[in-house]
Amino acid sequence: MTWPAMVWIGGAPGAGKSTIARALARRCDLPLHPIDLWTYAHLDRLPPLRSLAEDLAEGPEYAADAFVRSSRLRLELVAEDVRERALGDVPALVEGPQLFPSMADGVDAAVWAAVWLVPDAEQTRRTREERLARAEDPAGRSRLEGLLARDAVLAELIRREAAECGRLVVEVAAEPEWARVCRAVEDALGALPRLPAGAELSWQRRYENEAACRQGRLWQADIGLAELPPYPFACECGTSGCAVTWSGTPDTYEIQRRNGWLVAHSAC
Ligand SMILES: [Zn+2]
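Start counting at 1 in the sequence shown, then tack on 229, and there's your number in the numbering used here.
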């Protein structure tokens, strides 16, 4: 298979990957591809998987192993998704806990640069608790301790694989200095080609916003959530470097953009 051009931000859950990737993609006009936004879309294209609860019941090592196995299966789907975006020579900034250092070796030529963020256990706990506070998810709450134990196994695995494969890890402390973490990620990715400003940049931001809508709605239906927590939709104005976001739900996003682009500021 031909792999599309990508740069990777991987790492254990709770390391701030999504926030950093979003900021970086917007500042550098890169197409953003968070694997988590395709979770429900991938379920239909994967062999039946055991539920997270069943995996966790077998213990953290087993659950970590199951996560790695499903992540490997998903990597090909990620490549298909990115290829569909027809980005030409601009690499997609792919981000997610599903990326492991050992996976980069098989797709070396396509992965232009990669970095892994590994958080301190306390930082992971705080992030998971913040996420739970944003949405009424009793099943998620009951899984918290099991997930944290699994996350710790994943964090160790990433450190070990990165050392073996000569890949870069950025440690995220319990009280992270985010500016330093962002700089380290930016340095690791280096200078990259940008999406052309104007219509192309607008279309790619819309594509990302629509993926967030799809995933959000399916998640809402799956766990029976009355209301989704707000999502930071990207401004679709097409101006190079625009990092303004608009916070809302899929429904309010669609109203806000009406029949045009979502413009999240009055300046354009
Ligand atoms: Zn804008």
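Backbone N, C-alpha and C fix where the C-beta goes; we use that ideal spot for every residue, glycine too.
Here the structure is a predicted model, which is why all the values come from computation and not from measurement.
With hydrogens ignored, establish whether the beta-carbon of CYS442 is closer than 7 Å to any heavy atom of ligand 1.
Locating residue 442 in the sequence shown gives position 213, where the first residue counts as 1. No, the Cβ of CYS442 stays beyond 7 Å of every heavy atom of ligand 1.
When DSSP labels each residue in this structure, what does VAL382 get in the three-state scheme?
As a working note, residue 382 is residue 153 in the sequence shown. Looking at VAL382 - three-state DSSP - the assignment turns out to be helix.
Going by DSSP in three states, SER469 sits in which element: helix, strand or coil?
Counting from one through the sequence shown, the residue named residue 469 turns up at place 240. DSSP places SER469 in coil when its eight states are reduced to three.
Counting along the chain, where does the beta strand (DSSP E) carrying LEU261 start and finish?
Numbered from 1 along the sequence shown, position 32 holds the residue referred to as residue 261. Residues 261-263.
Taking ALA342 as part of the beta strand (DSSP E), name the residues at either end of that continuous run.
As a first step, residue 342 must be located in the sequence shown, where it is residue number 113. That run of the beta strand (DSSP E) goes 340-348.
For THR468, verify whether its CB is less than 7 Å away from any heavy atom of ligand 1.
What you label residue 468 is simply residue 239 of the sequence shown in a count that begins at 1. At least one heavy atom of ligand 1 is nearer than 7 Å to the Cβ of THR468, so yes.
What is the DSSP secondary structure of THR268, reduced to helix, strand or coil?
As a position in the sequence shown, residue 268 is number 39, starting the count at 1. Helix, per DSSP.
Where does ASN438 land, buried or exposed, given buried means 16+ other C-beta within 10 angstroms?
Position 209 of the sequence shown, counted from the start, is the residue given in the question as residue 438. By the neighbour-count rule (16 or more Cβ atoms within 10 Å), ASN438 is buried.
Going along the chain, which residues of its own chain have a beta-carbon closer than 8 Å to the beta-carbon of ARG279, five neighbours each way excluded?
Translated into the one-based positions of the sequence shown, residue 279 becomes position 50. Within the same chain, ARG279 has close Cβ partners ALA295.
Within its chain, find whatever has a CB closer than 6 Å to the CB of ALA292; leave out the 5 residues flanking it on each side and keep chain order.
The residue labelled residue 292 in the question sits at position 63 within the sequence shown. Closer than 6 Å at Cβ, skipping near neighbours: ASP284, LEU285 and ARG379.
Let's test the definition: count the other Cβ atoms within 10 Å of the Cβ of CYS497 and tell me whether it reaches 16, buried, or not, exposed.
As a first step, residue 497 must be located in the sequence shown, where it is residue number 268. Bear in mind that a pLDDT of 46 at CYS497, under 50, signals an unreliable position, so the model cannot answer this.
So CYS464 packs on LEU491, CB below 8 Å; how close in whole Å?
Within the sequence shown, the letter at position 235 stands for residue 464. Within the sequence shown, the letter at position 262 stands for residue 491. That pair is a contact at about 6 Å.
Just how far apart, CA to CA, sit ILE452 and GLY369?
Looking up residue 452 in the sequence shown gives position 223. Looking up residue 369 in the sequence shown gives position 140. So the alpha carbons of these two residues sit roughly 9 Å apart.
Sort LEU457, GLU483 and ALA321 by Cα distance to ILE238 and report the nearest one.
Along the sequence shown, one-based indexing puts residue 238 at 9. For the residues LEU457, GLU483 and ALA321, the minimum Cα distance to ILE238 belongs to ALA321.
Considering Cα atoms alone, identify which of THR481, ARG487, ARG486 and TRP475 is closest to ARG251.
Mapped onto the sequence shown, residue 251 falls at position 22. ARG251 has its Cα closest to that of TRP475, out of THR481, ARG487, ARG486 and TRP475.
Could you spell out where the alpha helix (DSSP H) holding PRO461 opens and where it closes?
In the sequence shown, counting from the first residue as 1, residue 461 sits at position 232. Element bounds for PRO461: not the alpha helix (DSSP H) but the beta strand (DSSP E), 460-463.
Is CYS257 near ligand 1, going by C-beta to nearest heavy atom under 7 Å?
Here residue 257 refers to the residue found at position 28 of the sequence shown. Flag unset: Cβ of CYS257 not near ligand 1.
Secondary structure at LEU322, three-state DSSP: helix, strand or coil?
Working through the sequence shown from its first residue, we reach residue 322 at position 93. Strand at LEU322.
Where do the ends of the beta strand (DSSP E) carrying GLY237 lie?
Along the sequence shown, one-based indexing puts residue 237 at 8. A small correction: the amino acid at residue 237 is Trp; Gly does not occupy that position in the sequence shown. 235-240 is the extent of the beta strand (DSSP E) around TRP237.
Looking at the strands, I want to know which residues DSSP matches up with VAL398.
Locating residue 398 in the sequence shown gives position 169, where the first residue counts as 1. BP columns for VAL398 point to TRP345.
Taking one C-beta from the region 243-263 and one from the region 395-411 each time, how about it: are there three or more such pairs within less than 8 Å?
Output reads yes: the region 395-411 touches the region 243-263.
Which residues in the same chain have their Cβ closer than 8 Å to the Cβ of LEU275, if we skip the five residues on either side of it in sequence?
Sequence index remark: in the sequence shown, residue 275 carries index 46 (1-based). Only SER299, LEU302, ARG303 and LEU306 meet the Cβ criterion.
Answer yes or no: the CB of CYS394 versus the heavy atoms of ligand 2, is any distance below 7 Å?
This structure does not include ligand 2; its bound ligands are ligand 1.
Output the distance between the C-alpha atoms of ALA417 and VAL344, rounded to the nearest integer angstrom.
As a first step, residue 417 is located in the sequence shown; it is residue number 188 there, counting from the start. As a first step, residue 344 is located in the sequence shown; it is residue number 115 there, counting from the start. Using only the alpha carbons, I get a separation of about 6 Å.
Let me know the secondary structure DSSP gives GLY477 once reduced to three states.
Within the sequence shown, the letter at position 248 stands for residue 477. Reduced to three states, the DSSP call for GLY477 is strand.
For VAL492, which three-state DSSP category applies?
Within the sequence shown, numbered from 1, the residue matching residue 492 stands at position 263. Correct three-state label for VAL492: coil.
Secondary structure at PHE296, three-state DSSP: helix, strand or coil?
Taking the sequence shown and counting its residues from 1, the one referred to as residue 296 is at position 67. PHE296 falls in the helix class under three-state DSSP.
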